[in-house]
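Right, one structure below, let's go through it.
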Amino acid sequence: MRIGYKLSSEGFGPNEIIRQAVRAEQVGFDFVEMSDHFHPWLDSQGHSSFTWTVLGAIAARTDRIELATGVTCPSVRYHPAIIAQAAATLALVSDNRFTLGVGAGERLNEHIVGQGFPGARGRHERLREALEIIRLLWSGGYHSYEGRHLQLDDARVFDLPEEPPVIAVAASGEVSATIAAELGDGLFATEPEADLVRTYQRLGGQGPRYAEVPLAWAPDEAQAVRAAWQTSRWAVTGWKVMSELPNPVNFDAASRTVTEDDIRQQFAVGPDPDVHVEAVRTYVDAGFDHVVLQNAGPDPDGFLDFFQDTLAVRLRALG
26 MRIGYKLSSE
36 GFGPNEIIRQ
46 AVRAEQVGFD
56 FVEMSDHFHP
66 WLDSQGHSSF
76 TWTVLGAIAA
86 RTDRIELATG
96 VTCPSVRYHP
106 AIIAQAAATL
116 ALVSDNRFTL
126 GVGAGERLNE
136 HIVGQGFPGA
146 RGRHERLREA
156 LEIIRLLWSG
166 GYHSYEGRHL
176 QLDDARVFDL
186 PEEPPVIAVA
196 ASGEVSATIA
206 AELGDGLFAT
216 EPEADLVRTY
226 QRLGGQGPRY
236 AEVPLAWAPD
246 EAQAVRAAWQ
256 TSRWAVTGWK
266 VMSELPNPVN
276 FDAASRTVTE
286 DDIRQQFAVG
296 PDPDVHVEAV
306 RTYVDAGFDH
316 VVLQNAGPDP
326 DGFLDFFQDT
336 LAVRLRALG
């Protein structure tokens with residue numbers, strides 16, 4: 026099992042994210058994963074830097090730790106040719122430490138280019154076409170593509186790594202798991218769903234299986250719960266809400282009824298390592314082998330110290 030640290034592009038400015046990534050390497054994390062958003066989920070989070078610039082800076086400041094997007098939508102706000110070029114470049118400057126996590130996207134980030142945001146079927150169709158374009162461009166040479174939604178006209182990515190980056194595809198059901206198995210190299214999920222892992226593997230998927238584990242560390246449980254409510258209560262609303270609302274103000278309104286008890290049900294909270302170990306165990310038991318610790322607590326450095334001093338050994342014993 027490999028253990029990752031979630032870099033919150035919504036919760037911190039770019040220089041602070043780079044600093045946290047360097048510390049994550051120092052305290053023993055295997056990889057860092059960074060969301061790729063245009064907006065934060067809530068205005069109170071207050072940040073949303075350009076992920077590709079920040080990951081390039083992290084690559085230059087670190088030596089060992091692997092990098093991943095968690096996740097990029099390569100089909101609306103970005104054209105897949107741009108993602109193919111960006112990912113190839115990041116693979117080169119990081120000495121092949123980069124994994125491209127992709128998904129069908131959320132209206133929150135994708136509507137901003139004025140092309141609308143499709144329903145679930147259209148999103149999956151676009152994601153499939155985007156991955157086909159990325160694979161074409163990573164094969165070398167000039168390529169064109171004529172899809173139902175996306176086109177490519179006589180394009181070539183000149184700087185390619187010897188081995189293309191791993192592509193981990195976000196999935197929540199059979200349709201997206203099929204895309205992950207057929208066009209990806211790995212699976213990406215946010216819930217400990219053993220059925221999803223089994224579906225991915227039944228369809229031929231054999232690659233790494235990434236999952237984010239929501240937790241909030243603080244020396245005091247109540248403090249951890251308050252911090253998670255303030256910055257991360259949107260996560261309780263569910264995917265159908267998370268994929269459709271267009272702006273942070275909408276997420277603020279939609280999540281106002283979320284209670285601290287709701288936070289306790291969804292997040293592992295407080296200082297007790299047993300609570301966090303058991304939360305991770307549910308993902309390992311479900312079949313995930315790359316777990317990402319997504320800390321919504323108020324003190325990143327305190328959490329990183331907690332991982333190094335207490336949590337790391339116990340988590341590694343799970344896998």
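One point on numbering: in my numbering, the residue at position 69 of the sequence shown is 94, and numbering is uninterrupted.
Built from N, CA and C at the ideal position, the CB exists for glycine as well.
What do you reckon, are the CB atoms on residue i and residue j nearer than 9 Å?
{"i": "A195", "j": "G126", "result": "yes"}
{"i": "V182", "j": "A116", "result": "no"}
{"i": "D178", "j": "S164", "result": "no"}
{"i": "G312", "j": "V222", "result": "yes"}
{"i": "A84", "j": "V118", "result": "yes"}
{"i": "D184", "j": "T114", "result": "yes"}
{"i": "R27", "j": "V316", "result": "yes"}
{"i": "A129", "j": "A145", "result": "yes"}
{"i": "D277", "j": "D88", "result": "no"}
{"i": "E157", "j": "R122", "result": "no"}
{"i": "E216", "j": "S201", "result": "no"}
{"i": "A155", "j": "P99", "result": "yes"}
{"i": "P325", "j": "R251", "result": "no"}
{"i": "E35", "j": "T256", "result": "yes"}
{"i": "S300", "j": "L340", "result": "It is worth fixing the name first, because residue 300 is Val in this sequence and not Ser. Contact: no."}
{"i": "F292", "j": "A236", "result": "no"}
{"i": "T97", "j": "V191", "result": "no"}
{"i": "H104", "j": "L161", "result": "no"}
DSSP beta-bridge partners for residue i?
{"i": "L125", "result": "I192"}
{"i": "V316", "result": "I28 and A236"}
{"i": "E387", "result": "This structure leaves residue 387 out entirely; the chain is present only between 26 and 344."}
{"i": "F142", "result": "Bridge partners of F142: none, in fact."}
{"i": "F213", "result": "A195 and Y235"}
{"i": "Q176", "result": "E171"}
{"i": "A293", "result": "L240"}
{"i": "T97", "result": "V127"}
Apply the 10 Å Cβ neighbour rule to residue i and answer buried if 16 or more other Cβ atoms are within range, or exposed otherwise.
{"i": "P273", "result": "buried"}
{"i": "S399", "result": "Because the chain is modelled from 26 through 344, residue 399 falls outside the range shown and cannot be assessed."}
{"i": "V338", "result": "exposed"}
{"i": "K31", "result": "buried"}
{"i": "A49", "result": "buried"}
{"i": "R234", "result": "buried"}
{"i": "R281", "result": "exposed"}
{"i": "T78", "result": "exposed"}
{"i": "A321", "result": "buried"}
{"i": "E303", "result": "exposed"}
{"i": "G141", "result": "exposed"}
{"i": "G139", "result": "exposed"}
{"i": "Y167", "result": "exposed"}
{"i": "R86", "result": "exposed"}
{"i": "E20", "result": "The question about residue 20 has no answer, for the chain in this structure spans 26 to 344."}
{"i": "Q319", "result": "buried"}
{"i": "E207", "result": "exposed"}
{"i": "E171", "result": "exposed"}
{"i": "A247", "result": "exposed"}
{"i": "A109", "result": "buried"}
{"i": "A342", "result": "exposed"}
{"i": "R102", "result": "buried"}
{"i": "A219", "result": "exposed"}
Determine the extent of the beta strand (DSSP E) in which residue i is found, giving its start and end residues.
{"i": "Y225", "result": "Element bounds for Y225: not the beta strand (DSSP E) but the alpha helix (DSSP H), A219 to R227."}
{"i": "T262", "result": "Counting along the chain, T262 falls outside any beta strand (DSSP E), and DSSP gives it neither H nor E."}
{"i": "H301", "result": "No beta strand (DSSP E) holds H301; the alpha helix (DSSP H) holding it covers P298 to A311."}
{"i": "H168", "result": "H168 to E171"}
{"i": "F56", "result": "F56 to M59"}
Locate the alpha helix (DSSP H) running through residue i, then write down its first and last residues.
{"i": "F63", "result": "It is not in any alpha helix (DSSP H) - F63 carries neither H nor E in the DSSP assignment."}
{"i": "T94", "result": "Premise fails: T94 lies in the beta strand (DSSP E), E91 to T94, not in any alpha helix (DSSP H)."}
{"i": "R181", "result": "Segment: none, R181 is in no alpha helix (DSSP H) and carries neither H nor E."}
{"i": "T114", "result": "P105 to V118"}
{"i": "L270", "result": "Where L270 is concerned, there is no enclosing alpha helix (DSSP H), given that its DSSP letter is neither H nor E."}
{"i": "F328", "result": "P325 to F331"}
{"i": "G81", "result": "T76 to R86"}
{"i": "R341", "result": "A337 to R341"}
{"i": "L133", "result": "R132 to E135"}
Is any beta-carbon of chain C found at less than 9 Å from that of residue i?
{"i": "E246", "result": "Chain labels in this structure do not include chain C; a single protein chain is all it has."}
Meets three-Cβ-pair contact criterion under 8 Å: the segment 222-234 and the segment 274-290: no
The segment 57-77 / the segment 131-147 touching (three or more Cβ pairs under 8 Å): yes
Stretch-stretch touch, CB-based, cutoff 8 Å, three pairs: the segment 250-266 with the segment 45-60: no
Touching by the beta-carbon criterion (3+ pairs, under 8 Å), the segment 66-78 and the segment 147-166: Segments in contact, no.
The segment 238-249 touching the segment 220-227, judged by at least three CB pairs closer than 8 Å: no
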